[in-house]
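Peer 1: Sharing a structure here in structure tokens format.
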Amino acid sequence: MEQPREKIIIVEGYAGAPDSLTEALRAAGYDAATFATPAEALEAVRQSGGDVLLLDTRATGPGTRETIAAVRGSAATEAVRIVLLVGAAAAERSAALDIGADDAISRPCDLGELISRVRAQLRARRAERDLSEKARIANEGQQIAHTAFEALAVTEKMTSDAFSLDRTLKIGVAAAFAAAAAMAGIYLLFARSAQHETRNMKAIIAQLDGSLISQQNLMAKVRQLRSDLDSTGSIPMGKDELQKHAQDLKAKMANADSTEVAALQKELAETNARLKRVENEGGSVETLIADGLKSVCLLHVAVAFRDKESGRRLRYAGLNPQGEPIRDSDGNPILTLEGRGPEVKVDIFGTGFLAGPDGRLVTNHHVAQPWWKDEQLGNLTLQGFQPEISTIRAYFPGDPRAFHAEVQDISQETDLATMRVDMQDLKRTPLALDSSKSAAVAGEPVVLMGYATGLAAILARADEATVQKISVDSDGDVTQILDALAQRNLIRPLITQGHIGDVATDKIVFDAQTTSGGSGGPLFNEQGKVIGVTYAVLRGFGGSNFGIPIRLAQPLLAH
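So the sequence shown is residues 1 to 559, counted in our numbering.
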């Protein structure tokens, strides 16, 4: 049977042409209708229902608050999601949410973005209906249990009056008593299990976000990071990348109009200045450690969660037609221990490097066991769930494959660990290590390799068309995204330069830039030898980062 189309009610006042919005929504598969006044729109919702109400403050005027209150106060319209179009100021968006709107978007707005906002509200509306249905089923279960307990009470009385009956009748009554007791017991077990599951899920819903990435969110994150890279250079480029960036800017200038030329000229001057600095600091870093670059891998660690009591893994209750987890009214994914929905997994990105024979990698303890000293993941243990490694996949520059890795040894004294990678037929040279106590000297230059900011930074260095295609083809699956990047030879570490600021027995302080995802990256001296392993960074790219002297990894490598 064909499902009824979801209804979008629009009040005239939309910044663009109302007809274009109505037509676009209908083309997207929705039942859209436009009304001249808020009163007419509310009456239409009361008469024939509606899922999303799109209001513009230019249509509602000073009565916006009263209009929203009228929607919320009517039993026929209280479940309708409200999207409010407001002015450009952030304060207006905040005020719209304060008076009861579910979402607010500033004028002028892109038609596609507006429809995406409407779609997000419809997903929330579906989740609310799902929860209501679950509540109805739960209430019916309670009524069944109540009936079972009443039957149990009646059966007990029948049993007390049945002592004078013959043996056959007594057996029949006992059987009825046993059936009622079993029925009540089964419900009690079910209720207890449901309460336990609900309690645990509520505790972790706010802490977890799934590994399924929506195409819209992924593209937004990549564009923001690429914008940061272009405007501030926060993610440093190597010599080759700087040269290519300068060439791209020159090509843009050839076709730019007069309003864009000045900005492009400024960016080109900054790029050339950065390129000159790289050349003045001893030539291409890539040349200094060309062989080493191919031995530094991206680690993708997938963490799953197992219920300690039942031994089952935590799952999403299901996915909506867009392939995203079904969410509750608060926007949190609905989780369960039942069914066949995708397992809940948290994706952790880190760096590792070959440091021994047979695929021996060095990385951090907190990469090999992401829940180690992590308050968010550690709290799940207290809620009855045990984090555990689902898979570890290693990606080496220049090879299109993902290689299986397993944790080999973990240091109990420092934030270090070793892994073993099944290298198959891949030939990579272990990095040269300088384990002497004098390896790190304050003031000396250093070079750092790593996959800072993980997946987003790799995508940010690819062109827009490639990112768009990978996002669509992968349907938001992180593993498929990484495989597509590897096949295009786009996975390679970031290389940054700096100097050692201080040296202690158990740490090296340096200013080569990095951030989360760079953990486990090798720190090189001028001779191209590894003297340390990155283990702690500031939020964002900081001026003081920390490495562990490589000599402290020798006990792990000796096993």
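All residues carry an ideal CB built from backbone N, CA and C; glycine is no exception.
My output table needs one value for Leu-84: the three-state DSSP class, helix, strand or coil.
Peer 2: strand
Peer 1: State the DSSP-derived secondary structure class of Thr-561, mapped to helix, strand or coil.
Peer 2: With the chain covering 1 to 559 only, the question about residue 561 has no answer from this structure.
Peer 1: Pick out the complete beta strand (DSSP E) segments inside the region 380–420, 3 residues or longer, and give them in chain order.
Peer 2: 385–395 and 403–410
Peer 1: Of the residues Thr-505, Ile-326, Asp-98 and Arg-340, which one's Cα is nearest the Cα of Ile-82?
Peer 2: Asp-98
Peer 1: In whole angstroms, what separates the C-alpha of Thr-57 from that of Arg-123?
Peer 2: 24 Å
Peer 1: If you measure from the beta carbon of Leu-335 to each beta carbon in chain D, is any gap under 8 Å?
Peer 2: Although the question refers to chain D, the structure presented lacks it and comprises just one protein chain.
Peer 1: Along the chain, where does the alpha helix (DSSP H) containing Gly-454 start, and where does it finish?
Peer 2: 454–460
Peer 1: Less than 8 Å between the beta carbons of Asp-328 and Gly-384, yes or no?
Peer 2: no
Peer 1: Would you mind sorting Gly-61 into buried or exposed? The rule is 16 or more other CB atoms within 10 Å of its CB.
Peer 2: Counting Cβ neighbours within 10 Å, Gly-61 comes out exposed, since fewer than 16 surround it.
Peer 1: Rounding to the nearest angstrom, what Cα-Cα distance links Asp-506 and Pro-549 in this structure?
Peer 2: 7 Å
Peer 1: Run through DSSP, which three-state label would Pro-4 get?
Peer 2: coil
Peer 1: Got a sec? Which residues, its chain only, sit under 7 Å from Pro-400 by beta carbon, not counting five neighbours each side?
Peer 2: Ala-486 and Gln-487
Peer 1: Beta-carbon separation of Val-503 and Leu-433 under 8 Å?
Peer 2: no
Peer 1: Could you check where the beta strand (DSSP E) with Gly-498 kicks off and where it finishes?
Peer 2: 494–503
Peer 1: Quick one: measure Cβ to Cβ for Leu-111 and Leu-21, integer angstroms, because I've assumed they're closer than 8 Å.
Peer 2: Going by Cβ atoms, the distance from Leu-111 to Leu-21 rounds to 7 Å, so yes, they are a contact pair.
Peer 1: Could you give the first and the last residue of the continuous alpha helix (DSSP H) run that contains Leu-482?
Peer 2: 478–487
Peer 1: Near Asn-200, which residues of its chain fall below 8 Å by C-beta distance, leaving aside the five closest residues on each side in sequence?
Peer 2: Unreliable positioning characterises Asn-200 in this predicted model, as indicated by a pLDDT of 45, which lies under 50. The coordinate reading is nonetheless provided below. Contacts found: Asp-307, Gln-383, Gly-384 and Phe-385.
Peer 1: Unbroken beta strand (DSSP E) runs of length 3 or more, entirely within the region 306–357: which are they?
Peer 2: 346–356
Peer 1: By the three-class DSSP mapping on this structure, what secondary structure does Met-570 have?
Peer 2: Nothing about residue 570 can be reported from this structure: the residues present for the chain run from 1 to 559 only.
Peer 1: Do Gly-352 and Met-419 count as a contact pair if the criterion is CB distance below 8 Å?
Peer 2: yes
Peer 1: Suppose you measure from the CA of Arg-315 to the CA of Met-253; what does that come to, to the nearest Å?
Peer 2: 51 Å
Peer 1: At the level of alpha carbons, what is the spacing between Ser-544 and Asn-525?
Peer 2: 17 Å
Peer 1: Reducing DSSP to helix, strand and coil, say where Asp-475 ends up.
Peer 2: In the structure shown, Asp-475 sits in coil (DSSP, three-state: anything other than H, G, I, E or B).
Peer 1: Start and end of the beta strand (DSSP E) containing Val-52?
Peer 2: Val-52 -> beta strand (DSSP E) spans 52–56.
Peer 1: Under three-state DSSP, which class holds Glu-197?
Peer 2: Bear in mind that the predicted position of Glu-197 carries a pLDDT of just 46, short of 50, making it too unreliable to give a figure here.
Peer 1: Would you report the Cα separation of Ser-284 and Gln-424, rounded to the nearest angstrom?
Peer 2: At Ser-284, the pLDDT of 43 sits below 50, so the modelled position is not reliable; the number obtained from the coordinates is stated separately. Going by the C-alpha atoms only, they are around 31 Å apart.
Peer 1: With DSSP collapsed to three states, give me the class of Leu-556.
Peer 2: helix
Peer 1: On a CA-only basis, which of Glu-43, Val-421 and Val-346 is nearest Gln-376? Give me that one, please.
Peer 2: Val-346
Peer 1: Between Tyr-535 and the rest of its own chain, which residues show a CB-CB distance below 7 Å, the 5 nearest in sequence each way excluded?
Peer 2: Asn-364, Asp-415, Ser-519, Phe-546, Gly-547 and Ile-548
Peer 1: With Val-80 and Val-86 assumed to form a contact (beta carbons below 8 Å), what rounded beta-carbon distance in angstroms separates them?
Peer 2: That belief does not hold up - the Cβ atoms of Val-80 and Val-86 are roughly 18 Å apart, past 8 Å.
Peer 1: To which residues does DSSP link Gly-532 through a beta bridge?
Peer 2: Leu-523 and Pro-549
Peer 1: Is the separation between the beta-carbon of Ala-91 and that of Ser-106 shorter than 8 Å?
Peer 2: Not in contact: Ala-91 and Ser-106 (Cβ atoms no closer than 8 Å).
Peer 1: Terminal residues of the continuous beta strand (DSSP E) containing Ala-104?
Peer 2: 103–106
Peer 1: In chain order, what residues of the same chain lie with their CB nearer than 6 Å to the CB of Arg-125, ignoring the 5 residues before and after it?
Peer 2: Asp-51 and Arg-81
Peer 1: In whole angstroms, what separates the C-alpha of Ala-512 from that of Pro-522?
Peer 2: 12 Å
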